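Going down the list, the protein sequences come from chains X and S. Sequential numbering from 1132 applies to the first sequence in this note's numbering. Sequential numbering from 3 applies to the second sequence in this note's numbering. See structure below.
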Amino acid sequence: MAIRLARWPSRTTPTLGRHLALAVGAAILLLLLSSQIGAYDDYNLAEVAIFVIAVAGLNVLTGVNGQLSLGHGALMAIGAAARLRGPYLAGATLALAVGLPQIATRYSHVFGGEEGLTVTPPGPPDWLGADFPPERWMAWIAIAAALVTIVLLANLLQSSVGRSFKAVRDHEAAAALAGIDVARTQVHAFVVSSACAGLAGSLFAYWSGLTAPAGFGVALSLQLLSAIVIGGLGSLSGAVWGSIILVIIPALTGGLASSLSLASSVANNLPLAIYGSVLVLAMLLVPNGIDGGLRRLLVLARTRWTGAPSTHKGVVDWDDPSGG
Amino acid sequence: MEQPTLDVADLTVRFGGVVALDRVSLRVEANEIHGIIGPNGAGKTTLFNAVCGFLRPQGGTISYRGRALLGTAPHHLARLGIARTLQGLGLWPGLTVLENVVMGSHARPHFLGSLLGMPAADRLERRLRGQALEVLSELGIADIADARPPAVPYGVQKRVIIARALMARPALLLLDEPASGLSSREMDRLHKLVGSLRQRMSVVVVEHHLDFVMAISQRITVLNFGRVIASGTPADIRGNREVSEAYLGQAVTPSEGAAGA
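Here it is in structure tokens:
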């Protein structure tokens, strides 16, 4: 029976229905969670959800397709700016707008220059009541956007498109001989990834109430990269783990630093030092990321319980949208 | 007369001052198994790379079923009916064996349909998986469909590569050293397989194992230092003196020929 359970949802279930069912389940759990926690935690939850979008997008590009982006923070800025200028536009066109960050500083009368623009976050609708915390509303918006993103990416990764991303990453010549247009595939992965970064950036502007060029620099890009490495390269659940770490560590260590009443030069750098240590530890303990570590645990546990090593024929057909 | 499947004429490829292929010509007829042999560095793989568009020749022409092939990008070949296996395996370790084979088909779902998880994409996926399983069964390796390529033995991986190429339903199959690293039993099986493919397609085999090439080919082209030094039936090649000399002065007989590998 355990085997049968592990095989659900199987390949014969429609892809969209399967992923939507999982997303709805996650949405219910997260809404319940957000209603139980305080405003500050809701604020952090929103940040995690926003990061999930950007990190998952980057993981498609870097983990699944093998292309390295050191400018994803800037791509988020494009989303932030595009959001400010008009309709909700986080699609493929964002990739074409790579030149925008420079424009943002140059045409300061439009984009606010170095100081950026202040953004008024959307308040909760009236039907939720006058005292509904705006942080919780922000969390709901971010969670909804993150779940839609994850469902779409899971669909994509499980299809031939996702497989062609991996084929190009693993062996370009073999991919070309199988009829895959390598350059076009890389552009596709980049567009998908940039669209995610753009969406995350526009939400980030709402979340922080501000968008300034400095906030979307190399530091943010490297943070996003470290998140996919810690979480697990190439998998969507890895992106979720990485985003949680990205938000939780500074939140915890920031509190720690201030409670220890240290000199400000130490206190300001403590979170960064701890984040660095966590990164090093993660590399040593779980070289395939948190997601890879959990998967290995799962296989070990199953082997112990069933008494038989899982074979390639796969009791472990535990559905993995990323295939990784 | 029927058009040749592959017609290479006066093909010249230079890398800097080195002439890798020097006015090489060969014809592969429909339903012919054509062997290409020659010592290391003779230009065998370079010839394949030129046919597949991985490099731009300095002279000559290549045509496939009467259509000029030069200038065609590698990823267009599958759709034209040309499949090729690579010398260094070239499987994708990040995909399962079945997924590797599925991707051999050039039928691809629409990007947007895949993104939205539309039923049409699901249907195509099911159809391709079914086809891929059939191909794997034909090669006797359906039981490893869900394994990752690095987890299966080398000889089996070499069959997976052929399965992926067959998934494209090619009219011309280019095999680059399909027998290297195989046991004699595996080589027998490959022999039978390639022999059976002849009814469906033309096959060009680059190979070091002379016994194997002599046994499966209708015609053989011998390259040495980028030039064709002999071509003809296996019997013609066996009696050719220049060929024997190219192979270190050894007589190319089935028993000693394998030393060429």
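Ideal Cβ placement from N, Cα and C applies to all residues, glycine included. From a predicted model like this one, the values you see are computed outputs, not experimental measurements.
Within the same chain, show all residues whose beta-carbon is closer than 8 angstroms to that of residue i, passing over the 5 residues directly before and after it, in chain order.
i, result
"X/Val1409", "Ile1361, Ile1376, Ile1380"
"S/Leu88", "Ile163, Asp178"
"S/Pro59", "Leu13, Thr14, Val15, Leu23, Ala52, Leu72"
"X/Ile1168", "Leu1176"
Alpha carbon to alpha carbon, what distance is there between residue j and residue i?
i, j, result
"X/Ala1228", "X/Gly1329", "Any reading at X/Ala1228 is ruled out, since the residue's pLDDT is 41, under 50, leaving its predicted position unreliable."
"X/Ser1290", "X/Ser1390", "50 angstroms"
"X/Ala1212", "X/His1150", "Low confidence applies here, because X/Ala1212 scores a pLDDT of 46, under 50, leaving its location unreliable; read the following figure in that light. The alpha-carbon atoms of X/Ala1212 and X/His1150 are separated by roughly 31 angstroms."
"S/Ala134", "S/Ala109", "12 angstroms"
"S/Leu8", "X/Ala1314", "27 angstroms"
"X/Ala1277", "X/Ile1181", "7 angstroms"
"X/Leu1287", "S/Arg150", "21 angstroms"
"X/Gly1420", "X/Leu1383", "21 angstroms"
"S/Arg240", "S/Arg129", "46 angstroms"
"S/Ala147", "X/Ala1154", "29 angstroms"
"X/Ala1432", "X/Gly1197", "31 angstroms"
"S/Leu71", "S/Thr63", "8 angstroms"
"X/Leu1308", "X/Gln1317", "16 angstroms"
"X/Ser1374", "X/Pro1255", "25 angstroms"
"X/Leu1163", "X/Trp1271", "11 angstroms"
"S/Thr98", "S/Met105", "11 angstroms"
"S/Leu28", "S/Val230", "9 angstroms"
"S/Arg81", "X/Ala1304", "16 angstroms"
"X/Ser1357", "X/Val1371", "13 angstroms"
"S/Ile39", "S/Gly18", "24 angstroms"
"S/Ala181", "X/Leu1176", "57 angstroms"
"S/Gly43", "S/Asp24", "13 angstroms"
"X/Arg1435", "X/Arg1426", "14 angstroms"
"X/Ser1324", "X/Gly1407", "26 angstroms"
"X/Trp1268", "S/Gly83", "56 angstroms"
"X/Ile1311", "S/Met169", "14 angstroms"
"S/Lys46", "S/Ala248", "14 angstroms"
"S/Val208", "S/Phe50", "9 angstroms"
"S/Ser65", "S/Ser186", "35 angstroms"
Considering only C-alpha positions, which residue in the set the options is nearest to residue i?
i, options, result
"S/Leu184", "S/Gln159, S/Gly197, S/Met169", "S/Gln159"
"S/Ser116", "X/Leu1351, X/Phe1263, X/Leu1283", "X/Leu1283"
"S/Ala52", "S/Gly19, S/Glu127, S/Val26", "S/Val26"
"X/Gly1293", "S/Ala123, S/His78, S/Leu88", "S/Ala123"
"S/Asn33", "S/Val99, S/Asp213, S/Gln220", "S/Gln220"
"S/Phe113", "X/Gly1423, X/Ala1177, X/Phe1296", "X/Phe1296"
"X/Ala1170", "X/Glu1266, X/Gly1407, X/Ala1331", "X/Glu1266"
"X/Pro1253", "X/Ile1184, X/Trp1338, X/Arg1300", "X/Trp1338"
"S/Glu127", "X/Ala1350, X/Ser1395, X/Pro1145", "X/Pro1145"
"X/Ala1326", "X/Ala1152, X/Asn1190, X/Glu1178", "X/Asn1190"
"X/Asp1172", "X/Leu1355, X/Pro1264, X/Val1183", "X/Pro1264"
"X/Val1183", "X/Leu1355, X/Val1397, X/Ala1158, X/Asn1399", "X/Leu1355"
Output, in chain order, the set of chain S residues within a Cβ distance shorter than 7 angstroms of residue i.
i, result
"X/Asp1312", "His77"
"X/Asp1301", "Trp94, Pro95, Gly96"
"X/Ala1307", "Pro76, His77"
"X/Asn1286", "Ser116, Leu117, Leu118, Gly119"
Excluding the five sequence neighbours on either side, which residues of its own chain have a C-beta within less than 6 angstroms of the C-beta of residue i, listed in chain order?
i, result
"S/Ala165", "Val103, Val137, Leu138, Leu141"
"X/Leu1161", "Ile1274"
"S/Ala75", "Gly55"
"S/Ala173", "Gly83, Met203"
Which bits of chain X does residue i rub up against, with CB to CB less than 7 angstroms?
i, result
"S/Ala173", "By Cβ distance, chain X contributes nothing, its closest Cβ being about 14 angstroms from S/Ala173, past 7 angstroms."
"S/Gly106", "Ala1309"
"S/Asp124", "Pro1145, Thr1146"
"S/Phe50", "Those do not exist, as S/Phe50 stays about 10 angstroms from chain X at its closest Cβ, beyond 7 angstroms."
Looking only at its chain, what residues have a beta carbon closer than 7 angstroms to the beta carbon of residue i, apart from the 5 residues adjacent to it on each side?
i, result
"X/Pro1218", "Because X/Pro1218 carries a pLDDT of 29, less than 50, the predicted location of this residue cannot be relied on, and the following value inherits that uncertainty. Closer than 7 angstroms at Cβ, skipping near neighbours: no residue."
"S/Pro95", "Arg150, Pro151, Pro152"
"X/Val1417", "Gly1423, Gly1424"
"S/Gly199", "Strictly speaking, residue 199 of chain S in this sequence is Leu, with Gly absent from that position. Once the five neighbours on either side are set aside, the close Cβ partners of S/Leu199 are Leu175, Val205."
"S/Pro1", "One cannot answer for residue 1 of chain S here, as it falls past the ends of chain S, which runs 3 to 263."
"S/Arg131", "Leu100, Val104"
"X/Gly1363", "Gly1369, Trp1372, Asn1419, Gly1420, Ile1421, Asp1422, Gly1423"
"S/Leu93", "Asn102, Pro151, Gln159, Val162, Ile163"
Find the residues of chain X that neighbour residue i, judging by a C-beta separation of less than 8 angstroms, and give them in chain order.
i, result
"S/Pro6", "By Cβ distance, chain X contributes nothing, its closest Cβ being about 22 angstroms from S/Pro6, past 8 angstroms."
"S/Phe214", "Per Cβ cutoff of 8 angstroms: no residues; S/Phe214 is ~23 angstroms from chain X at best."
Residue i versus chain S: which residues are under 8 angstroms apart at the beta carbon?
i, result
"X/Ala1304", "Phe56, Pro76, Leu88, Gly92"
Please list, in chain order, the chain X residues whose beta carbon lies closer than 9 angstroms to that of residue i.
i, result
"S/Glu127", "Arg1142, Thr1146, Gln1289, Ser1290, Ser1291"
"S/Ala32", "Correct list: empty, because the minimum Cβ distance to chain X is about 22 angstroms."
Run through chain S and tell me which residues come within less than 9 angstroms of residue i, C-beta to C-beta.
i, result
"X/Leu1283", "Leu117, Leu118, Gly119"
Alpha helix (DSSP H) runs wholly inside the region 91-119 of chain S, at least 4 long, in chain order: Here the runs fully enclosed are 99-104, 113-117.
At which residue ranges does the region 48-98 of chain S contain complete beta strand (DSSP E) runs of 3 or more residues, listed in the order of the chain? Complete beta strand (DSSP E) runs here, min 3: 61-66, 84-86.
Ranges of the alpha helix (DSSP H) found wholly within the region 113-188 of chain S, counting only runs of at least 4: Those alpha helix (DSSP H) runs which fall completely within the region 113-188 of chain S and span 4+ residues are 113-117, 121-140, 156-169.
Can you list, in chain order, the stretches of the beta strand (DSSP E) that have 3 or more residues and sit fully within the region 183-242 of chain S? Restricting attention to beta strand (DSSP E) runs no shorter than 3 residues, the region 183-242 of chain S encloses them at 204-208, 221-226, 229-234, ordered along the chain.
My parser needs the alpha helix (DSSP H) runs of 4 or more residues fully inside the region 1327-1385 of chain X; what are they? Fully enclosed alpha helix (DSSP H) runs of 4 or longer: 1349-1362.
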